[in-house]
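If you're matching them up, the sequences are chains A and B in order.
Quick note on the numbering used here: the first sequence kicks off at 131 and runs consecutively.
Quick note on the numbering used here: the second sequence kicks off at 131 and runs consecutively.
First the structure, in the form of structure tokens, and then the observations on it.
Protein chains: 2
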Amino acid sequence: MATIKDVAKLAGVSKATVSRVLNGNERVSQIARDKVKQTMKELGYKPSALAQALATNRSRTIGMVVSDLSGPFFGPIMKSAEKVIRDAGFQLVVTNGHGQEDREREAIEFMTNRPVDALILTVFALPEEEIVELHRNGTPIVLLNRRIQGFEDNCIYLDNKQGGYLATKRMLELGHDRVAFLAGHFTHPDSLERLEGYQQALDEFGIPFRQDLVFDDDYNEDGGRRMCQKLLNLKRDFSAIFCGNDLIAIGARDVLNQHGKLQSTCMVGFDDVTFAQYLNPSLSSVFFPVEQMGERAGHMALAMAGHKTAAVTHVLQPRLIERESLMAAQPND
Amino acid sequence: MATIKDVAKLAGVSKATVSRVLNGNERVSQIARDKVKQTMKELGYKPSALAQALATNRSRTIGMVVSDLSGPFFGPIMKSAEKVIRDAGFQLVVTNGHGQEDREREAIEFMTNRPVDALILTVFALPEEEIVELHRNGTPIVLLNRRIQGFEDNCIYLDNKQGGYLATKRMLELGHDRVAFLAGHFTHPDSLERLEGYQQALDEFGIPFRQDLVFDDDYNEDGGRRMCQKLLNLKRDFSAIFCGNDLIAIGARDVLNQHGKLQSTCMVGFDDVTFAQYLNPSLSSVFFPVEQMGERAGHMALAMAGHKTAAVTHVLQPRLIERESLMAAQPND
DNA sequence: TTGTAAGCGTTATCAA
DNA sequence: TTGATAACGCTTACAA
Numbered sequence: 131m132a133t134i135k136d137v138a139k140l141a142g143v144s145k146a147t148v149s150r151v152l153n154g155n156e157r158v159s160q161i162a163r164d165k166v167k168q169t170m171k172e173l174g175y176k177p178s179a180l181a182q183a184l185a186t187n188r189s190r191t192i193g194m195v196v197s198d199l200s201g202p203f204f205g206p207i208m209k210s211a212e213k214v215i216r217d218a219g220f221q222l223v224v225t226n227g228h229g230q231e232d233r234e235r236e237a238i239e240f241m242t243n244r245p246v247d248a249l250i251l252t253v254f255a256l257p258e259e260e261i262v263e264l265h266r267n268g269t270p271i272v273l274l275n276r277r278i279q280g281f282e283d284n285c286i287y288l289d290n291k292q293g294g295y296l297a298t299k300r301m302l303e304l305g306h307d308r309v310a311f312l313a314g315h316f317t318h319p320d321s322l323e324r325l326e327g328y329q330q331a332l333d334e335f336g337i338p339f340r341q342d343l344v345f346d347d348d349y350n351e352d353g354g355r356r357m358c359q360k361l362l363n364l365k366r367d368f369s370a371i372f373c374g375n376d377l378i379a380i381g382a383r384d385v386l387n388q389h390g391k392l393q394s395t396c397m398v399g400f401d402d403v404t405f406a407q408y409l410n411p412s413l414s415s416v417f418f419p420v421e422q423m424g425e426r427a428g429h430m431a432l433a434m435a436g437h438k439t440a441a442v443t444h445v446l447q448p449r450l451i452e453r454e455s456l457m458a459a460q461p462n463d
Numbered sequence: 131m132a133t134i135k136d137v138a139k140l141a142g143v144s145k146a147t148v149s150r151v152l153n154g155n156e157r158v159s160q161i162a163r164d165k166v167k168q169t170m171k172e173l174g175y176k177p178s179a180l181a182q183a184l185a186t187n188r189s190r191t192i193g194m195v196v197s198d199l200s201g202p203f204f205g206p207i208m209k210s211a212e213k214v215i216r217d218a219g220f221q222l223v224v225t226n227g228h229g230q231e232d233r234e235r236e237a238i239e240f241m242t243n244r245p246v247d248a249l250i251l252t253v254f255a256l257p258e259e260e261i262v263e264l265h266r267n268g269t270p271i272v273l274l275n276r277r278i279q280g281f282e283d284n285c286i287y288l289d290n291k292q293g294g295y296l297a298t299k300r301m302l303e304l305g306h307d308r309v310a311f312l313a314g315h316f317t318h319p320d321s322l323e324r325l326e327g328y329q330q331a332l333d334e335f336g337i338p339f340r341q342d343l344v345f346d347d348d349y350n351e352d353g354g355r356r357m358c359q360k361l362l363n364l365k366r367d368f369s370a371i372f373c374g375n376d377l378i379a380i381g382a383r384d385v386l387n388q389h390g391k392l393q394s395t396c397m398v399g400f401d402d403v404t405f406a407q408y409l410n411p412s413l414s415s416v417f418f419p420v421e422q423m424g425e426r427a428g429h430m431a432l433a434m435a436g437h438k439t440a441a442v443t444h445v446l447q448p449r450l451i452e453r454e455s456l457m458a459a460q461p462n463d
């Protein structure tokens with residue numbers, strides 16, 4: 131690999147001059163500039179990002195910690211974030227936090243040792259103080275899907291309450307007055323906010339909230355299966371189900387199907403992951419603007435890393451995607 | 131951030147000594163070692179991976195280029211690769227090649243400037259020579275889903291022919307003698323290999339190959355829709371369909387469903403992406419061991435980066451996952 | 001406009 | 001067993 135030294139020598143100038151033409155414009159004579167550019171080409175010279183980082187104390191790298199490197203939710207977020215980050219000439223480095231406190235901490239440490247110019251975090255387990263402190267210690271942070279008091283400027287999250295509201299309201303409009311809610315664990319703030327939306331819709335329609343129609347469990351298929359099973363076992367009367375996310379919906383459908391109730395139950399999921407539309411009947415869902423979130427996160431991180439970018443919104447708005455699962459069933463089946 | 135200098139000064143030793151205890155064991159007195167470790171803790175000292183990389187010319191970083199940062203196929207590959215890489219104390223850096231030649235080239239350049247100690251590539255568009263040359267020029271390469279003559283030691287790929295064979299054979303066994311094949315583009319070697327397997331199965335059952343039952347198009351839902359539509363328009367007689375991947379299968383199902391033929395058509399997809407099991411009827415598919423591929427790739431890359439690891443296999447074996455889509459239909463419907 | 005030289009935080013060579 | 005000191009490839013005062 132050719133170094134700056136080689137270029138300088140061959141071009142007959144000093145390293146400083148080469149460095150100058152490298153870093154866009156400074157005061158370099160046209161002759162020198164041309165000569166240097168020319169020799170750079172000849173040698174196939176590429177500056178070492180490493181050496182630059184060490185010298186400038188900026189790595190042009192943005193770190194990202196997600197709870198699951200695979201899966202339909204984080205993929206699109208990563209993808210869109212990577213796009214804006216790479217377009218800015220920065221590099222995105224992603225690592226998996228697995229949603230566990232110690233893994234998350236380790237992942238972050240791993241990144242800060244590199245180091246990164248900014249960090250995009252989706253961590254649920256890590257205590258708030260650590261996050262805020264990290265930021266104060268000089269690693270700029272963008273926090274996704276989590277809101278910390280007094281740290282709102284660094285957070286990007288969905289209006290979960292609105293999501294819960296939209297879903298529930300639509301089902302009520304369709305005449306379903308007994309809407310169950312199979313939520314993710316209520317230890318998770320998102321779940322509670324979605325519950326608030328659910329309640330708000332009920333209030334508006336003058337329908338009393340019934341604790342016995344609400345369950346919480348894991349945010350995945352098994353959680354959905356368990357909750358739906360409970361719902362059926364308890365012989366609760368219901369004609370519609372609002373699910374905390376699409377995976378829960380899938381598990382619940384499984385159980386409903388076994389009981390021959392899949393077609394007759396109105397259902398809305400949450401997130402609108404790609405495969406929701408491919409299910410049969412297709413699953414209605416609260417659309418989570420994941421691409422938008424990734425994009426915003428990228429811009430925000432770049433801004434913090436000193437790269438100028440547009441202003442960002444911190445609260446994203448969901449919207450309801452209506453599909454077969456919403457329309458097929460009749461309230462009084 | 132505390133540097134090695136700070137530690138040295140406070141501990142009353144030289145930088146060299148600190149560096150020695152840092153890099154595991156060398157000849158350092160117990161007293162010095164303890165003292166240094168102690169002060170490291172006090173100062174919360176973390177070595178700069180950057181400076182280490184510059185000095186050693188090894189970054190402890192593995193790069194990875196995928197064709198799609200989101201999507202059900204690459205997610206699990208990345209996830210499992212990241213696990214083994216991180217467990218070895220290395221960092222995985224992923225970027226998106228978008229399956230386009232120029233983007234792929236750019237992505238690779240981006241990584242080699244960092245630099246990385248090895249590169250895991252899933253690139254379909256980039257010419258073979260460039261890949262091989264890159265390797266020769268000192269960036270060790272692991273190539274996924276692609277086999278280059280004389281470069282096999284660096285490649286990890288699925289036995290696609292076997293996959294095609296298994297799927298087709300099973301359908302033939304079930305009595306379907308008119309099996310259509312909706313493939314990905316035949317410019318893609320994988321598609322051709324799967325076709326070979328398809329033909330082999332036909333041969334074994336003494337069933338003549340019929341060109342008019344074979345189509346190729348994009349490896350996605352739209353491709354599947356188009357091909358299935360053609361198949362129906364041409365009034366070909368068929369009772370089973372083998373699809374080049376699960377996305378094609380989904381598109382085809384869509385069309386079949388519109389024609390009331392979904393339940394009566396035997397179908398097998400390829401890849402066995404997560405949602406295949408959630409479709410209704412659930413989709414049979416040729417299982418692609420993605421986790422295994424990611425793992426192997428990680429190990430291989432680490433080995434090339436000088437980190438000792440176990441030997442790896444280069445050819446992965448598929449297996450058939452039988453679900454409802456295979457059993458529901460009768461050959462003579 | 002250009003060059004010299006110090007510095008970024010490490011490792012590594014060579015003496016001591 | 002230790003410590004100077006020169007690298008690694010680049011940036012950036014400061015001087016010329």
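Note that CB positions come from ideal geometry on N, CA and C, so glycine has one too.
Query raised in the report: Nearest CA to the CA of Y175/B: which residue from N243/B, A382/B and V148/B?
Result: The shortest C-alpha separation from Y175/B is found at V148/B.
Query raised in the report: chain A beta carbons: is any one of them nearer than 8 Å to that of M170/B?
Result: No - not a single Cβ of chain A is within 8 Å of the one on M170/B.
Report task. On a CA-only basis, which of F203/A, A183/A and R266/A is nearest V420/A? Give me that one, please. Result -> Between V420/A and the set F203/A, A183/A and R266/A, the nearest pair of CA atoms involves F203/A.
Query raised in the report: Between V272/A and A431/A, which are expected to be in contact by the criterion C-beta below 8 Å, what is the C-beta distance as a whole number of angstroms?
Result: That pair is a contact at about 5 Å.
Requested in this report: Classify L413/B as buried or exposed, calling it buried when 16 or more other Cβ atoms lie within 10 Å of its own Cβ.
Outcome: Label assigned to L413/B: buried.
Report task. Mark I161/A as exposed unless 16 or more other C-beta atoms lie within 10 angstroms of its C-beta, in which case mark it buried. Result -> exposed
Query raised in the report: Is the CB-CB distance between K209/B and G428/B below 8 Å?
Result: no
Report task. Report the three-state DSSP secondary structure of A248/A (helix, strand or coil). Result -> strand
Query raised in the report: How about C396/B and S455/B: do their beta carbons lie closer than 8 Å?
Result: yes
Query raised in the report: When the distance is taken between beta carbons, is G327/B closer than 8 Å to Y295/B?
Result: yes
Query raised in the report: What span of residues does the beta strand (DSSP E) with N226/B cover, start to end?
Result: Element bounds for N226/B: Q221 to N226.
**Report entry** Contained beta strand (DSSP E) runs [length at least 3] in the stretch 284 to 338 of chain A, N- to C-terminal order
**Finding:** Taking only runs of at least 3 residues, the beta strand (DSSP E) segments lying wholly in the stretch 284 to 338 of chain A are 285 to 288 and 309 to 314.
**Report entry** Alpha-carbon to alpha-carbon, S197/A and D347/A
**Finding:** 18 Å
Query raised in the report: Does K209/B get closer than 8 Å to chain A when you measure Cβ to Cβ?
Result: yes
Query - Residue closest to A218/B, alpha-carbon to alpha-carbon, out of G399/B, E323/B, H437/B and D333/B - result: H437/B
Query raised in the report: In chain order, what residues of the stretch 145 to 169 of chain B put their CB closer than 9 Å to some CB of chain A?
Result: none
Query - Euclidean distance between Cα positions of A331/A and L386/A - result: 25 Å
**Report entry** Own chain partners of I261/A with C-beta closer than 8 Å, once the 5 adjacent residues on each side are dropped
**Finding:** L251, V253, I271, L273, I278 and F281
Query - Other residues of its chain near E212/B: CB distance less than 7 Å, five sequence neighbours each side excluded - result: L222
**Report entry** Residues that F405/B contacts on chain A, provided the C-beta gap is smaller than 9 Å
**Finding:** P202, I380, V403, T404, F405, Y408 and L409
Requested in this report: May I ask you to list the residues that DSSP assigns as paired with I451/B?
Outcome: Answer is S415/B, bridged to I451/B.
Query raised in the report: Taking 8 Å as the CB-CB limit, is V356/A close to chain B?
Result: Before going further, note that residue 356/A is Arg rather than Val in the sequence given. Taking Cβ atoms only, chain B never reaches closer than 8 Å to R356/A, which makes this a no.
Requested in this report: State the Cα-Cα distance for the pair I371/A and L180/A, rounded to the nearest angstrom.
Outcome: So the two alpha carbons sit approximately 53 Å from each other.
Query - Contact list for the stretch 234 to 257 of chain A against chain B, Cβ threshold 9 Å - result: Listed by position along the chain: E236, A237, E239, F240, M241, T242, N243, R244 and P245.
Report task. Quickly, what does DSSP pair D346/B with across the bridge? List them, please. Result -> A313/B
Query - Host alpha helix (DSSP H) of T269/A (start-end) - result: Note, T269/A: premise wrong, no alpha helix (DSSP H); not H, not E.
Report task. Classify G399/B as helix, strand or coil using the three-state DSSP reduction. Result -> strand
Report task. Put A441/A into one of helix, strand or coil per three-state DSSP. Result -> coil
**Report entry** Proximity to T191/B [Cα-Cα], best of L199/B, N153/B, V224/B and L364/B
**Finding:** V224/B
**Report entry** Member of G205/A, M131/A and R157/A whose CA lies at the smallest distance from the CA of D401/A
**Finding:** G205/A
Query raised in the report: Helix, strand or coil: how does DSSP classify A370/A here?
Result: strand
Report task. Give me the Cβ distance between L409/A and L152/B, rounded to the nearest whole Å; I'm assuming they're in contact under 8 Å. Result -> In fact, because the Cβ distance is near 54 Å, the residues do not count as touching under 8 Å.
Query raised in the report: What does DSSP give as the partner residues of I192/A in its beta bridges?
Result: L222/A and A248/A
Query raised in the report: Under the DSSP definition of a beta bridge, which residues are partnered with L446/A?
Result: According to DSSP, L446/A bridges with L288/A.
Query raised in the report: How about L450/B and V416/B: do their beta carbons lie closer than 8 Å?
Result: yes
Query - DSSP state of A138/B mapped onto helix, strand, coil - result: helix
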